[in-house]
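Just remember that our numbering sits 1 ahead of the position in the sequence shown, which is counted from 1. Virtual Cβ for every residue (Gly too), placed ideally from N, Cα, C. The structure presented is a predicted model; accordingly, all values stated were derived computationally and were not measured.
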Amino acid sequence: MSALGLATAVSLAPAAHAASPDLVVNQVYGGGGNSGAPYASDYVELFNRSTNAVDLTGWTVQYWSASGTTAQKTPLTGSIGAGGRFLVKEADGANTSAQPLPTPDATGTIPMAATGGRVAIVNPAGTVVDLLGWGAATASEGAPAGATNNSTAVFRSNACIDTDNNAADFTTGTPTPQNSTTAPVDCSGATPPPAGTPATIAQIQGAAHISPMKGQQVTDVKGVVIARNSGGFWMQSTTPDNDPATSEGVYVYTRTAPAAAVGDAVSVNATVTEFRPGGTSGTDNLTTTELTTPTVTVTSSGNPLPAPVVIGQDRIAPQQNVESGDPGSVENTGVPFDPTVDAIDFDESMEGMRVALSDARAVGPTNLKYGETAVVPGQNVTATQSPRGGVLYGSYSQPNSMRLILDDALVPAGTIGTANVGDVYRGQTVGVLDYAFSNFRVMVTQAAPVQSAGLQREVTAAAADGQLAMSTFNVENLAPSDPDTKYQRLATQIVRNLQAPDIIALEEIQDNSGAADDGTVDSTTTSDKLIAAITAAGGPAYQARWVNPENDKDGGQPGGNIRQVFIFRTDRGVSFVDKPGGTATTATTVVGTGDKTTLSVSPGRIDPTNSAWSNSRKPLVGQFRWNGKSVFVIANHFNSKGGDDPLFGRWQQPQRSSETQRNAQAQVVRSFVDSLLKADAGANVAVVGDLNDFEFSKTADILVGSGTTALTDLPRTLPANDRYTYIYEGNSQVLDHILMSPSLVRGFSSGATYAYDIVHTNSEFADQDSDHDPQVVRVPVQATR
2 MSALGLATAV SLAPAAHAAS PDLVVNQVYG GGGNSGAPYA SDYVELFNRS TNAVDLTGWT
62 VQYWSASGTT AQKTPLTGSI GAGGRFLVKE ADGANTSAQP LPTPDATGTI PMAATGGRVA
122 IVNPAGTVVD LLGWGAATAS EGAPAGATNN STAVFRSNAC IDTDNNAADF TTGTPTPQNS
182 TTAPVDCSGA TPPPAGTPAT IAQIQGAAHI SPMKGQQVTD VKGVVIARNS GGFWMQSTTP
242 DNDPATSEGV YVYTRTAPAA AVGDAVSVNA TVTEFRPGGT SGTDNLTTTE LTTPTVTVTS
302 SGNPLPAPVV IGQDRIAPQQ NVESGDPGSV ENTGVPFDPT VDAIDFDESM EGMRVALSDA
362 RAVGPTNLKY GETAVVPGQN VTATQSPRGG VLYGSYSQPN SMRLILDDAL VPAGTIGTAN
422 VGDVYRGQTV GVLDYAFSNF RVMVTQAAPV QSAGLQREVT AAAADGQLAM STFNVENLAP
482 SDPDTKYQRL ATQIVRNLQA PDIIALEEIQ DNSGAADDGT VDSTTTSDKL IAAITAAGGP
542 AYQARWVNPE NDKDGGQPGG NIRQVFIFRT DRGVSFVDKP GGTATTATTV VGTGDKTTLS
602 VSPGRIDPTN SAWSNSRKPL VGQFRWNGKS VFVIANHFNS KGGDDPLFGR WQQPQRSSET
662 QRNAQAQVVR SFVDSLLKAD AGANVAVVGD LNDFEFSKTA DILVGSGTTA LTDLPRTLPA
722 NDRYTYIYEG NSQVLDHILM SPSLVRGFSS GATYAYDIVH TNSEFADQDS DHDPQVVRVP
782 VQATR
């Protein structure tokens, strides 16, 4: 057992002081009787790796939760023969359809966790003979073994081998409980793995996403400590191999605050592992190469740090190409690794190294909650850029792949200045290149000051007489419990920046109790509070219309019951055609033809029981009147992108699984538009809202349609560098749309045309009031055809 493993184990559980000469924990299963469990009971399987039988009188099996301090015990009796197994049955679960265990050799009642914990064999003297920590266990021999679930157990790869490193000795897989009737195993010829192989950091990292030495013991790994955190440190070689494809840096995981200081030259003996944030299965994240269960020797102190690689100068990332092929997983053996072509390989080639950005430019606002800012280098950026300093995500094949996230986790809060889009961190920002939450990030150790670009919130033009102004605005989970300042600032945006449009479709209006999951579905308090704030800000007295959803059936924040709400002003001649009867499950339909075309209920919901809307917001449709004409507005909030593969994830090319539901939703809305245009070819129809998809997406294509009834998707009419309503991790992109029918596009006003504006008031600003930008279209609609 390493010194580190011993110290950790002593604090939370009795410690095994050396590799067990006889009894070892061979297999543990804690999912017994749970949903999907193959066996009805938890169990611990012991093994005797010696050549002599062991009398179990006075011995116990003991269990702790992953971070618990109190043991539960099962006393043992009988004996285990040389090379024999011993099955200890523990608590049963509720799944009675699961199969029983083989006949146990001992029975206890301990309910063990399915995902992780600690199990020890303790002899009559109270000494821990062997200890297994797995999953999130805070004590173990060496590093803990991998996490399990209801259908997997953790078991020793070779029952005869005990290296006192749980991570190296154990693996996870299908439970295979065996009792004392199992044929004994002769361990006399078993030999432990070699003590380790001398290696350099570059050899450990290799030119790949997965270390070619994964799982191996390495010795005499040399470098200088370049940064540290509460669980370890990064070290970098001072004798690089001059191959830019192999990183010269690596993280050493010590589990607790490391003794080594920045500038210390160290030599490390450790196990090479790959750490995947979120666990080892079912995640899209890449792994980072780590040295675990280390023995660290400091050979000198106060050494100069290696010069950082200046990204954008010394090395230039591929501009708009994350991965050029379709490898499935970039971690697969044989997938080409080329940092000169693929940005995901470019960043990987510097994992754990000191890097710098000169005059880094913010392409996303600082996330104040997490201390993160998306930036690009100040040089050699050729991707499509917005006039306001962002970088456009204009197609699936052209993401902003040179972006990095500045992360303040290694420095005091506030060290990295708060930035809006276009602001520049003037000078050199230095840190360690790391990966987490599906993005490569610079863990900043030296921050440059922020130089403001002076970005201002846009103000659109006011509607002229004869122009109908329509807007859509996602107000991000607006609830009565939000501070008054949020209402005041949103009201100011509506009155000043949007110039008080005639009709506004609001998305993400929560119910009267906000996120409290108490069955409340009405949202009168929320909309009234916003309308009052608009009036107080000098705006008109809006009225509101909506349909309350069923409780917890529309997705979003649990208990919030977000919905779309129309607000409209009557002082400029807008009226709402109220047709009572709209409910959460009532489908409104098109009634009548020609200029008599109307809705069966208004406001109403479009086909709300259709499976396309499962756990998603149902579209709200309302009929308005303006200058003697009907205008049908459909407010939408389509299924989110949750569950899609990230741009910088292990799976390439990324799959957009959430798109399937949005496509189905678009088809339902398009069919309703078709029914309006069939009833009246000249119907004025606006499809608006947060579609959660791009202007170049299939979702948008379905809504647009084709031929004489094709809608015009207004974001597509803008210059390419102004097509964005939202910024996600440094990618400026369209999620919100206004689409108009041919009659609205023409405007019926003697050649006059519409004026459309995405009003950039939120997405680029750190102090945003919502994460979406609103948009406005001003349409000339005269009184007669």
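Shortest alpha-carbon distance to residue i belongs to which of the options?
| i | options | result |
| --- | --- | --- |
| V89 | A95, L133, P76 | P76 |
| T296 | I317, N270, P307 | N270 |
| V263 | N475, N230, Q511, P481 | N230 |
| A261 | T298, T293, S402 | T298 |
| T58 | K74, G79, G69 | G79 |
| T104 | Q653, S181, E291 | S181 |
| D221 | V273, S212, I211 | V273 |
| G109 | S359, Q100, Y44, V451 | Y44 |
| N693 | L712, G708, H738 | H738 |
| A203 | G216, P178, A196, T240 | T240 |
| K215 | D187, M236, N124, E332 | E332 |
| Q452 | V433, G428, F347 | G428 |
| V782 | P413, R626, P400, T419 | R626 |
Roughly how many angstroms lie between the CA atoms of residue i and residue j, to the nearest whole one?
| i | j | result |
| --- | --- | --- |
| T446 | A160 | 45 Å |
| S21 | A191 | 14 Å |
| K370 | M444 | 16 Å |
| Q776 | L507 | 11 Å |
| Q668 | L704 | 7 Å |
| N440 | A480 | 31 Å |
| P15 | V129 | In this prediction, P15 has a pLDDT of 44, which is less than 50 and means its spatial position is unreliable; nothing more can be read from the coordinates. |
| P309 | A357 | 6 Å |
| I142 | N166 | First, the amino acid is wrong: residue 142 is Glu here, not Ile. Those two C-alpha atoms are separated by around 5 Å. |
| E730 | V422 | 12 Å |
| S617 | G690 | 14 Å |
| S282 | P328 | For S282, the predicted structure reports a pLDDT of 49, less than 50, and the residue's modelled location is therefore unreliable. The matter cannot be settled from this model. |
| D106 | V29 | 15 Å |
| S396 | E696 | 9 Å |
| V11 | T71 | Here V11 scores only 31 on pLDDT, less than 50, and its place in the model is too uncertain to base an answer on. |
| Q93 | W614 | Here the sequence assigns Asp to residue 93, which means Gln is not the residue at that position. The alpha-carbon atoms of D93 and W614 are separated by roughly 40 Å. |
| S359 | G390 | 16 Å |
| T300 | R404 | 37 Å |
| A169 | Q666 | 49 Å |
| V735 | T762 | 14 Å |
| N53 | D346 | 53 Å |
| V55 | G33 | 28 Å |
Assuming residue i and residue j form a contact by the criterion Cβ under 8 Å, report the distance between their Cβ atoms to the nearest whole angstrom.
| i | j | result |
| --- | --- | --- |
| R256 | G232 | 6 Å |
| P366 | F766 | 5 Å |
| S629 | V602 | The amino acid occupying residue 629 in the given sequence is Gly; Ser does not appear at that position. Not quite, the Cβ-Cβ distance comes to about 22 Å (not below 8 Å), so this is no contact. |
| N637 | S659 | Going by Cβ atoms, the distance from N637 to S659 rounds to 15 Å, so no, they are not a contact pair. |
| A516 | G561 | 5 Å |
| V376 | A384 | Going by Cβ atoms, the distance from V376 to A384 rounds to 13 Å, so no, they are not a contact pair. |
| P340 | A246 | 6 Å |
Using DSSP with H/G/I as helix, E/B as strand and the rest coil, what is residue i?
| i | result |
| --- | --- |
| S301 | strand |
| N96 | coil |
| D768 | coil |
| I703 | helix |
| T374 | strand |
| P413 | coil |
| E349 | helix |
| Q206 | helix |
| L167 | The question names Leu, but residue 167 in the sequence shown is Asn. It is helical. |
| W614 | helix |
| N664 | helix |
| I1 | Coverage of the chain is limited to positions 2 through 786, which leaves residue 1 absent and any answer about it impossible. |
| Y488 | helix |
Using a Cβ-Cβ cut-off of 8 Å, state whether residue i counts as contacting chain D.
| i | result |
| --- | --- |
| T52 | Absent here is chain D; the protein component of the structure consists of one chain. |
Three CB pairs or more closer than 8 Å across the region 171-188 and the region 53-66: no
Check whether the region 558-575 touches the region 488-506, taking contact to mean three or more Cβ pairs, one atom from each stretch, closer than 8 Å. yes
For the 8 Å Cβ check, are there 3 or more pairs between the region 486-501 and the region 509-524? no
Quick one: any contact between the region 430-437 and the region 463-483, if contact means 3 or more CB pairs under 8 Å? no
Do the region 40-55 and the region 84-98 meet, that is, are 3 or more Cβ pairs less than 8 Å apart? yes
Is there contact here, the region 584-592 with the region 532-546, by at least three beta-carbon pairs under 8 Å? no
Determine contact between the region 119-138 and the region 193-207, defined as no fewer than three beta-carbon pairs at a distance below 8 Å. no
So does the region 285-293 actually touch the region 346-355, counting three or more Cβ pairs closer than 8 Å? yes
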